DNA sequence: TTGTACGCGTTATCAT
DNA sequence: ATGATAACGCGTACAA
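Residue numbers (the working numbering), protein chains in the order written: chain F, 49 to 384; chain P, 49 to 384.
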């Protein structure tokens with residue numbers, strides 16, 4: 049049943065090398081090629097992947113590491129879209145995907161990935177500022193592309209968005225609307241996105257010479273924490289809130305309404321992510337759109353570029369974001 | 049950097065075979081074993097996976113095929129839990145997971161999977177009664193376990209629940225409550241689950257000599273279709289509705305309330321799945337709990353059993369379900 | 001218990 | 001353009 053390249057060669061009356069050439073697009077006369085191809089098709093021959101990998105040194109398989117709580121993984125469309133984006137490119141490139149989720153401790157996972165060998169490269173999501181898994185991956189000699197994690201030493205390849213800039217532009221938008229006491233609900237502290245967005249917020253506030261003391265309240269990216277943080281901010285008196293993501297903004301929206309305050313008249317509200325539901329909130333949410341699927345595509349592409357051009361330095365890709373203005377900040381005045 | 053088993057052997061002053069034995073747990077004197085192990089650890093040696101696969105015939109990698117719309121994949125916790133369950137077992141077994149989603153047509157995907165070779169086996173979700181991808185997988189000689197798909201010819205290994213029995217018990221529950229005009233909202237027709245649940249519903253109705261004509265309305269598993277179907281059923285006059293899943297039941301609940309009818313006083317409502325939100329609906333939803341994560345675990349375990357005992361016939365696993373009775377059928381009378 | 005030697009199915013190099 | 005033949009790194013009968 050499982051035939052080898054030698055069987056094909058014998059049937060065609062050519063050498064094994066020739067068959068290999070038609071398989072891999074080497075120089076073969078067109079007559080020979082057709083003859084061999086015919087047999088190949090007829091027997092539905094499939095080269096042995098392990099042998100191929102052993103001989104050539106590449107497997108056509110890349111690893112994808114998403115070390116996050118699986119519950120969250122499937123809750124948040126972010127990860128779904130990331131996966132889809134990568135999947136798109138892998139199919140184009142005729143490559144396979146090996147997936148690792150967070151069902152095990154990071155150290156153990158790292159060991160497992162490296163032991164798996166046979167991976168041409170790895171794409172890993174990394175959100176924490178410090179991450180032993182990422183450190184290990186980079187220390188190994190497996191070509192790696194990071195998503196969402198800019199390493200301070202700039203030695204790694206990554207794909208990310210400019211969180212600082214994006215947060216600055218949201219905050220500036222609120223400032224331009226005349227808001228003065230603008231609160232910020234942060235993401236989970238210790239993540240790159242949370243820290244950078246704080247910096248962006250801070251930068252915009254400082255530039256406008258507005259006070260931000262006591263106006264930064266920690267959240268954890270989850271909806272409930274947004275409600276709690278909003279509560280706190282309302283007590284401290286704010287006329288606008290910039291939430292580090294849409295999920296928390298949703299929670300904040302509920303809390304604000306519950307206090308009998310109007311959005312945006314009393315409190316303008318902005319989020320980050322532009323999730324599906326964000327456009328359908330009441331009122332629709334002003335937010336930052338980051339093309340997540342595109343990030344996934346870009347990450348995979350970057351990895352393939354890395355593989356094609358070894359020796360080339362690390363590749364760093366910063367994807368653009370888009371401020372999506374809706375009624376939660378501009379009320380009925382404009383339609384966005 | 050990348051050392052081979054020969055390097056280790058040389059460093060230890062033993063033969064390659066001995067190193068291989070300590071690696072794979074063969075018969076080695078304890079002194080030799082320790083000596084070799086020491087070097088192994090010190091050099092952090094990792095055997096080449098491709099060579100290993102080529103020589104031994106097994107790769108330690110299994111394929112997981114979920115040919116469903118990626119959007120749905122991450123929307124419905126069902127898939128997340130399935131994946132987690134499989135992941136659990138794979139880790140125990142020290143195996144890797146190769147994941148394929150539905151980013152490509154089924155025929156093409158099949159070809160890709162088979163070309164990937166080097167897979168020890170495959171777990172595939174299969175919901176349609178007829179599915180060329182599944183047919184191809186079974187026709188190939190890759191050990192395969194199906195989830196959610198009982199083949200009529202009984203030649204395949206699968207893990208599933210007894211949809212007929214479960215649907216029967218839900219319907220019987222409604223009948224015991226004195227309901228007489230019980231409607232059924234089906235899942236997407238052509239899926240095994242939808243068809244089997246219809247059979248179970250039908251069976252219970254027939255046994256009680258209750259009419260079911262015109263009381264079966266097609267849905268598609270999605271929430272909106274549940275609302276539409278409920279509308280139709282209300283017009284036809286029902287005092288109970290059994291929805292083929294919770295998402296549609298949620299839609300139905302909304303529709304029923306919108307008509308000013310009370311649940312369960314006017315219309316009792318039951319679903320299927322026991323999703324997270326089901327217990328928090330108003331009123332909490334009576335439904336069927338199927339241990340999805342357990343299904344995932346079971347599927348992976350079944351595959352490993354299959355691999356351990358080749359030649360053994362197909363393995364069929366039917367997992368139990370549990371009727372979860374809540375206020376959407378029993379009102380305030382009982383608490384469940 | 002240990003070592004020898006061959007085979008796994010390709011790719012790639014070097015002649016021809 | 002094609003054909004020998006040597007790797008690739010490991011597992012495993014078989015022999016010692």
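Even glycine gets a Cβ: it sits at the ideal position worked out from N, Cα and C.
This one's a predicted model, so the numbers in the text were calculated from it and none came from an experiment.
Fill in: Any C-beta of chain F under 8 Å from that of residue 152 of chain P
As a working note, residue 152 of chain P is residue 104 in the second chain. Between residue 152 of chain P and chain F, the shortest Cβ-Cβ separation is below 8 Å.
Worksheet entry | Contact set between residue 101 of chain F and chain P, taken where Cβ atoms lie within less than 7 Å | As a position in the first chain, residue 101 of chain F is number 53, starting the count at 1. Those are 98, listed as they occur along chain P.
Worksheet entry | Residue of F:319, F:272 and F:284 minimising C-alpha distance to residue 293 of chain F | As a first step, residue 293 of chain F is located in the first chain; it is residue number 245 there, counting from the start. Closest by alpha carbon: F:319.
Worksheet entry | Residues of the segment 129 to 142 of chain P with Cβ closer than 9 Å to any Cβ of chain F, in chain order | 129, 131, 132, 135, 136, 138, 139 and 142
Item to complete: With distances taken Cα to Cα, identify the nearest neighbour of residue 179 of chain F among F:157, F:163 and F:191.
Response: Residue mapping note: residue 179 of chain F aligns to position 131 of the first chain, counting from 1. Of the listed residues, the one whose Cα sits closest to residue 179 of chain F is F:157.
Practice prompt. For residue 165 of chain F, decide whether its Cβ has a neighbour in chain P, counting only Cβ atoms nearer than 8 Å.
Written response: For the purposes of this step, residue 165 of chain F is taken as residue 117 along the first chain, with counting starting at 1. Answer yes: the Cβ-Cβ gap between residue 165 of chain F and chain P drops below 8 Å somewhere.
Item to complete: Could you name the residues of the same chain whose beta carbon sits closer than 7 Å to that of residue 29 of chain P, not counting the 5 residues immediately before and after it, in chain order?
Response: Missing from the structure shown is residue 29 of chain P; chain P here goes from 49 to 384 and no further.
Discussion item. Quick check on residue 368 of chain F: buried or exposed, where buried means 16 or more other Cβ atoms within 10 Å of its Cβ?
Written reply: Counting from 1 along the first chain, the entry for residue 368 of chain F is found at position 320. Residue 368 of chain F should be labelled exposed.
Discussion item. Measuring straight from C-alpha to C-alpha, what distance separates residue 172 of chain F and residue 202 of chain P?
Written reply: The residue you call residue 172 of chain F lines up with position 124 of the first chain. The residue you call residue 202 of chain P lines up with position 154 of the second chain. A straight-line Cα-Cα distance of about 41 Å links residue 172 of chain F and residue 202 of chain P.
Item to complete: Tell me whether residue 116 of chain F sits in a helix, a strand or coil according to DSSP, three-state version.
Response: Taking the first chain and counting its residues from 1, one reaches residue 116 of chain F at position 68. Correct three-state label for residue 116 of chain F: coil.
Worksheet entry | Chain-ordered chain P contacts of residue 107 of chain F [CB-CB under 9 Å] | Within the first chain, residue 107 of chain F is the residue found at index 59, counting from 1. 97, 98 and 166, listed in chain order.
Practice prompt. List the residues of chain P whose Cβ lies closer than 7 Å to the Cβ of residue 144 of chain F, in chain order.
Written response: Here residue 144 of chain F refers to the residue found at position 96 when the first chain is read from its first residue. Those within 7 Å of residue 144 of chain F in chain P are 146 and 164.
Worksheet entry | Nearest residue (CA-CA) to residue 150 of chain F, options F:239, F:174, F:163 and F:363 | Working through the first chain from its first residue, we reach residue 150 of chain F at position 102. Answer by Cα proximity: F:174.
Worksheet entry | Partner residues on chain F for residue 245 of chain P, Cβ-Cβ distance less than 9 Å | Taking the second chain and counting its residues from 1, one reaches residue 245 of chain P at position 197. Within 9 Å Cβ-Cβ: nothing; residue 245 of chain P doesn't reach chain F, min ~24 Å.
Fill in: Contacts of residue 149 of chain F in chain P (Cβ-Cβ under 8 Å)
The residue you call residue 149 of chain F lines up with position 101 of the first chain. Chain P residues near residue 149 of chain F: 131, 132 and 135.
Discussion item. Assuming contact is defined by CB atoms lying nearer than 8 Å, are residue 227 of chain P and residue 287 of chain P in contact in what I supplied?
Written reply: Your numbering for residue 227 of chain P matches position 179 in the second chain. Your numbering for residue 287 of chain P matches position 239 in the second chain. Yes, the pair counts as a contact, with Cβ atoms nearer than the cut-off.
Worksheet item: How about residue 227 of chain P: is its C-beta nearer than 8 Å to some C-beta of chain F?
Response: Walking along the second chain from the start, residue 227 of chain P turns up at place 179. Not an interface residue.
Worksheet item: Taking any Cβ of chain F, which residues in the segment 79 to 94 of chain P have a Cβ under 8 Å from it, in chain order?
Response: 94
Worksheet entry | Separation of residue 269 of chain P from residue 239 of chain P, as counted between CA atoms | For the purposes of this step, residue 239 of chain P is taken as residue 191 along the second chain, with counting starting at 1. For the purposes of this step, residue 269 of chain P is taken as residue 221 along the second chain, with counting starting at 1. Spanning the alpha carbons of residue 239 of chain P and residue 269 of chain P requires a straight line of approximately 10 Å.
Discussion item. Less than 8 Å between the C-beta atoms of residue 112 of chain P and residue 145 of chain P, yes or no?
Written reply: Taking the second chain and counting its residues from 1, the one referred to as residue 112 of chain P is at position 64. Taking the second chain and counting its residues from 1, the one referred to as residue 145 of chain P is at position 97. Between residue 112 of chain P and residue 145 of chain P, the CB-CB gap stays under 8 Å.
Practice prompt. Evaluate contact between the segment 97 to 105 of chain P and the segment 93 to 100 of chain F, counting only Cβ atoms and requiring at least three cross-stretch pairs below 8 Å.
Written response: yes
Discussion item. For residue 145 of chain P, report the span of its beta strand (DSSP E) as first-last.
Written reply: Taking the second chain and counting its residues from 1, the one referred to as residue 145 of chain P is at position 97. That run of the beta strand (DSSP E) goes 144 to 148.
Practice prompt. Would you identify the three-state DSSP class for residue 269 of chain F, choosing helix, strand or coil?
Written response: Indexing the first chain from 1 puts residue 269 of chain F at position 221. Of the three classes helix, strand and coil, the one that applies to residue 269 of chain F here is coil, per DSSP.
Discussion item. Could you check whether residue 313 of chain P and residue 379 of chain P sit closer than 8 Å to each other, using their CB atoms as the reference points?
Written reply: Translated into positions along the second chain, residue 379 of chain P becomes position 331. Translated into positions along the second chain, residue 313 of chain P becomes position 265. In this structure, residue 379 of chain P sits near residue 313 of chain P, with a CB-CB distance shorter than 8 Å.
Worksheet item: With C-beta atoms as the reference, is residue 197 of chain P less than 8 Å away from residue 208 of chain P?
Response: Numbered from its first residue, the second chain carries residue 197 of chain P at position 149. Numbered from its first residue, the second chain carries residue 208 of chain P at position 160. In contact: residue 197 of chain P and residue 208 of chain P (Cβ atoms closer than 8 Å).
Worksheet entry | Residues near residue 220 of chain F by beta carbon distance below 7 Å, same chain, minus five either side | Here residue 220 of chain F is taken as the residue at index 172 of the first chain, counted from 1. Excluding its 5 nearest sequence neighbours in each direction, residue 220 of chain F has C-beta neighbours in its own chain below 7 Å: 252, listed in chain order.
Worksheet entry | Continuous beta strand (DSSP E) stretch holding residue 79 of chain F: start and end | Residue mapping note: residue 79 of chain F aligns to position 31 of the first chain, counting from 1. Unbroken run through residue 79 of chain F is the alpha helix (DSSP H), 78 to 91; no beta strand (DSSP E).
Item to complete: Return the chain-ordered list of same chain residues with a C-beta closer than 6 Å to the C-beta of residue 162 of chain F, the five sequence neighbours on each side being excluded.
Response: To locate residue 162 of chain F, count along the first chain from 1; it is residue 114. These residues qualify, in order along the chain: 188.
Worksheet item: From residue 142 of chain P to residue 279 of chain P, what distance separates their C-alpha atoms?
Response: Sequence index remark: in the second chain, residue 142 of chain P carries index 94 (1-based). Sequence index remark: in the second chain, residue 279 of chain P carries index 231 (1-based). Looking at the two C-alpha atoms, the distance is approximately 51 Å.
Worksheet item: Does the separation of the CB atoms of residue 363 of chain P and residue 354 of chain P fall below 8 Å?
Response: By 1-based counting over the second chain, the position of residue 363 of chain P is 315. By 1-based counting over the second chain, the position of residue 354 of chain P is 306. In contact: residue 363 of chain P and residue 354 of chain P (Cβ atoms closer than 8 Å).
Worksheet item: Going by beta carbon distance, what residues of the same chain come within less than 7 Å of residue 366 of chain F, once the five residues before and after it are set aside?
Response: Numbered from its first residue, the first chain carries residue 366 of chain F at position 318. Excluding positions up to five away in sequence, the list reads 208, 209 and 210.
Discussion item. For residue 155 of chain F and residue 60 of chain P, what's the separation of their Cα atoms in angstroms?
Written reply: The residue labelled residue 155 of chain F in the question sits at position 107 within the first chain. The residue labelled residue 60 of chain P in the question sits at position 12 within the second chain. Looking at the backbone, the Cα of residue 155 of chain F and that of residue 60 of chain P are separated by about 28 Å.
Worksheet item: Where DSSP assigns a beta bridge to residue 290 of chain P, which residues make up the other side?
Response: Taking the second chain and counting its residues from 1, one reaches residue 290 of chain P at position 242. Per DSSP, P:232 and P:318.
Fill in: C-alpha distance - residue 382 of chain P paired with residue 295 of chain P, whole-angstrom precision
Position 334 of the second chain, counted from the first residue, corresponds to residue 382 of chain P. Position 247 of the second chain, counted from the first residue, corresponds to residue 295 of chain P. With a pLDDT of 42 at residue 382 of chain P, under the threshold of 50, the modelled position of this residue cannot be trusted; read the value that follows with caution. Rounded to whole angstroms, residue 382 of chain P to residue 295 of chain P spans 24 Å at the Cα level.
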